[in-house]
């Protein structure tokens with residue numbers, strides 16, 4: 069391998085590492101806001117409702133944004149091994165992310181914008197004096213800038229897949245499914261998952277752009293009103309899909325890491341392709357399960373939401389989790405933090421889907437959707453599923469790129485993280501089961517116990533995450549010092 | 097040279113008072129037929145202009161990005177209800193319209209082909225969301241937003257824009273799902 073290629077590899081890994089460390093640090097910071105909110109709800113201290121809702125806004129936006137950023141790094145790292153991606157676009161996305169984040173932070177903390185990430189029309193303009201025009205414009209504008217970066221990233225990835233495979237349909241294995249090509253000619257898993265994410269997230273970001281700009285017009289001129297139901301549909305078409313796609317980018321790490329550790333091939337089957345195609349199509353439609361309580365929605369859309377919610381995540385999850393189990397079974401796999409976290413993420417994903425499917429059932433949704441049951445689902449799904457995939461990849465990259473050793477602290481981090489996140493999501497689910505409303509700054513005494521338990525668990529989760537991020541920053545420091553010598557040796 | 101001639105003829109036809117006033121009397125024809133035809137006139141004549149001033153053009157618009165950014169902002173400007181309204185109220189705005197939109201066509205001629213797939217797709221998706229946004233804005237507006245056009249006319253325009261949005265969605269779906277293995281995707 070010539071020095072030019074080596075230099076490019078090193079540069080690409082540097083960008084990937086920058087994504088991961090920024091994503092990891094933001095996730096850690098957002099955990100602090102999560103802990104503060106739970107302790108406020110638990111009556112441990114009182115930051116006041118205004119600040120609580122600012123925390124709620126930054127926590128939701130920051131967590132999804134940072135996790136999406138780090139997951140994009142996973143997608144980039146593995147996808148570029150199969151197709152020709154543009155590094156400049158990858159860097160541009162990072163810069164636009166940072167600009168967007170600064171705008172959002174100023175909007176929330178300097179101008180007290182606090183509509184939660186949902187910015188549900190007409191809330192950005194109806195603050196009852198809690199925030200003004202500028203705060204809303206900065207927040208919404210920041211989201212637009214963030215979205216622009218991701219759109220560029222997905223367009224570039226789509227272009228590269230079309231260039232190599234001919235079309236996005238072929239990226240999803242349509243020619244295999246139609247019998248035109250044998251299954252052993254199927255694209256790699258990273259390409260299939262990336263194609264799915266490109267399709268759903270580009271759609272989501274376009275929907276988001278439209279509704280964000282409409283909200284901005286309404287904020288500047290509140291006399292200009294528009295259809296709130298369409299606005300809610302577009303808002304969730306954006307937010308749900310974008311958040312959902314994080315796990316579909318993150319799972320690429322599982323597909324790539326586990327076979328290397330198990331020293332077994334994890335091939336693509338027709339069932340795998342069918343599952344990913346189902347998820348591509350259904351992910352675009354199931355956001356309507358956020359509107360099950362809206363009586364003005366057409367009945368067919370709500371029935372469709374329930375049925376497709378069942379059909380969406382399950383095929384990919386079952387095929388991935390079952391595949392991972394079969395891959396690991398009697399393989400003599402070497403367990404370390406990367407493989408352990410990758411395997412743990414399968415558990416988190418599987419467990420986290422269950423409360424979601426329960427909530428997507430219309431009769432249950434009418435009772436549970438406005439309770440803390442829902443954060444119970446997504447903290448398990450994201451915290452024990454998607455974010456664990458990100459941490460798994462961090463350990464994998466650190467080992468691949470520098471040969472840095474793990475120690476007892478990292479192992480303690482894994483145990484601590486697992487237990488604490490079961491504690492956080494469990495406390496939310498218990499809160500939901502006792503009908504604790506979500507997004508409330510204050511709780512009655514009967515609701516406080518689980519909130520405090522969740523807050524304390526959050527502290528432990530933060531500690532574990534800090535250990536993971538610290539390990540990664542150690543790798544970055546070592547890499548800068550040694551010029552990634554061990555990686556160069558591997559490449560040579 | 098043939099294209100240039102067609103471009104000049106089209107521009108002159110669009111300037112003729114009966115045609116101009118007839119087109120501007122109906123909002124959807126004004127925005128979705130007259131304005132694109134002005135751009136088309138500029139695009140048809142653009143080839144000669146670009147070739148004649150190639151050095152200057154190449155220096156300022158080497159990769160097509162400056163040109164396409166100008167295209168974006170000028171067309172965005174003419175999608176606003178207020179500018180459309182003012183073109184009917186003030187002669188200066190009408191004059192600006194007849195100058196700026198053929199200029200957009202000229203810029204398009206000299207910029208579009210220079211863009212890579214990434215740039216073209218980004219611009220395309222930008223217009224897709226813009227047409228969707230303006231469709232919603234014109235259909236859903238609770239008030240009359242132009243002095244010169246009735247509320248029903250703005251709704252018709254909104255539906256026209258929605259139709260274009262749907263066509264653009266179908267077109268991109270067609271592009272990404274049909275085979276391009278034999279093409280040179282840059």
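Protein chains in written order, with my numbering: chain A, 69 to 560; chain B, 97 to 282.
Built from N, CA and C at the ideal position, the CB exists for glycine as well.
Please read all numbers here as calculations on a predicted model, not as lab measurements.
{"Check": "Residue 228 of chain B: contacting residues in chain A (beta-carbon distance under 7 Å)", "Outcome": "278"}
{"Check": "Coil, strand or helix - residue 429 of chain A by DSSP", "Outcome": "coil"}
{"Check": "Where residue 227 of chain A meets chain B, residues with beta-carbon distance less than 9 Å", "Outcome": "212, 213, 214, 217, 281 and 282"}
{"Check": "Selection of the stretch 253-274 of chain B by Cβ proximity to chain D, strictly under 8 Å", "Outcome": "Absent here is chain D; the protein component of the structure consists of chains A and B."}
{"Check": "Beta-ladder partner(s) of residue 439 of chain A, from DSSP", "Outcome": "A:505"}
{"Check": "Helix, strand or coil at residue 400 of chain A [DSSP, three-state]", "Outcome": "coil"}
{"Check": "Range of the contiguous alpha helix (DSSP H) that encloses residue 154 of chain A", "Outcome": "Here residue 154 of chain A belongs to no alpha helix (DSSP H), and DSSP marks it neither H nor E."}
{"Check": "Neighbour-count burial assignment, residue 215 of chain B, 16 or more Cβ in a 10 Å radius", "Outcome": "buried"}
{"Check": "Close Cβ partners of residue 153 of chain B (< 6 Å) along its chain, the five nearest in sequence each way excluded", "Outcome": "146 and 206"}
{"Check": "Any C-beta of chain A under 8 Å from that of residue 236 of chain B", "Outcome": "yes"}
{"Check": "First and last residue of the uninterrupted alpha helix (DSSP H) at residue 312 of chain A", "Outcome": "296-330"}
{"Check": "Counted within 10 angstroms of its Cβ, other Cβ atoms place residue 216 of chain A as buried (16 or more) or exposed", "Outcome": "buried"}
{"Check": "Exposure label - residue 157 of chain B; buried when at least 16 CB within 10 Å", "Outcome": "buried"}
{"Check": "Expected contact under 8 Å - CB spacing of residue 464 of chain A and residue 325 of chain A to nearest Å", "Outcome": "5 Å"}
{"Check": "Candidates A:228, A:537, A:399 and A:411: closest to residue 477 of chain A by CA position", "Outcome": "A:537"}
{"Check": "Alpha-carbon spacing of residue 188 of chain A relative to residue 249 of chain B, whole angstroms", "Outcome": "30 Å"}
{"Check": "Residue 499 of chain A CB to nearest heavy atom of the ligand PLP below 7 Å", "Outcome": "No copy of the ligand PLP appears in this structure; indeed no ligand is present at all."}
{"Check": "Alpha-carbon to alpha-carbon, residue 138 of chain A and residue 226 of chain B", "Outcome": "29 Å"}
{"Check": "Residues from the stretch 524-545 of chain A in contact with chain B, defined by Cβ distance under 7 Å", "Outcome": "none"}
{"Check": "Residues of its chain near residue 383 of chain A, where Cβ-Cβ distance is below 6 Å and the 5 sequence neighbours each way are ignored", "Outcome": "343 and 346"}
{"Check": "Length of the line joining the Cα atoms of residue 93 of chain A and residue 498 of chain A", "Outcome": "29 Å"}
{"Check": "Counted within 10 angstroms of its Cβ, other Cβ atoms place residue 161 of chain A as buried (16 or more) or exposed", "Outcome": "buried"}
{"Check": "Within chain A, the residues that residue 225 of chain B reaches when beta carbons sit closer than 7 Å", "Outcome": "274, 277 and 278"}
{"Check": "Residue 474 of chain A - DSSP class collapsed to helix/strand/coil", "Outcome": "coil"}
{"Check": "Neighbouring residues, chain B, relative to residue 219 of chain A (Cβ below 8 Å)", "Outcome": "218 and 221"}
{"Check": "Same chain, Cβ closer than 6 Å to residue 304 of chain A, neighbours up to 5 away in sequence not counted", "Outcome": "355 and 358"}
{"Check": "Assigned secondary structure, residue 208 of chain B (DSSP; H/G/I helix, E/B strand, else coil)", "Outcome": "helix"}
{"Check": "Of the listed residues A:367, A:459, A:416 and A:473, nearest to residue 445 of chain A (C-alpha basis)", "Outcome": "A:416"}
{"Check": "Distance between residue 414 of chain A and residue 231 of chain B (C-alpha atoms, nearest Å)", "Outcome": "43 Å"}
{"Check": "Cutoff 8 Å: residue 207 of chain B Cβ touching any chain A Cβ", "Outcome": "no"}
{"Check": "DSSP state of residue 115 of chain A mapped onto helix, strand, coil", "Outcome": "coil"}
{"Check": "8 Å Cβ cutoff, residue 236 of chain A in contact with chain B", "Outcome": "yes"}
{"Check": "Nearest-angstrom Cα separation, counted from residue 76 of chain A out to residue 69 of chain A", "Outcome": "No answer about residue 69 of chain A holds up, because its pLDDT of 49 lies below 50 and its placement is not dependable."}
{"Check": "Chain A residues whose Cβ lies nearer than 9 Å to that of residue 174 of chain B", "Outcome": "Correct list: empty, because the minimum Cβ distance to chain A is about 17 Å."}
{"Check": "Residue 87 of chain B, buried or exposed, once every other Cβ within 10 Å from all chains shown has been counted against 16", "Outcome": "Since the displayed chain B opens at 97 and closes at 282, residue 87 of chain B lies outside it and no answer follows."}
{"Check": "Candidates B:268, B:131, B:135 and B:233, of which the one nearest residue 292 of chain A by Cα", "Outcome": "B:233"}
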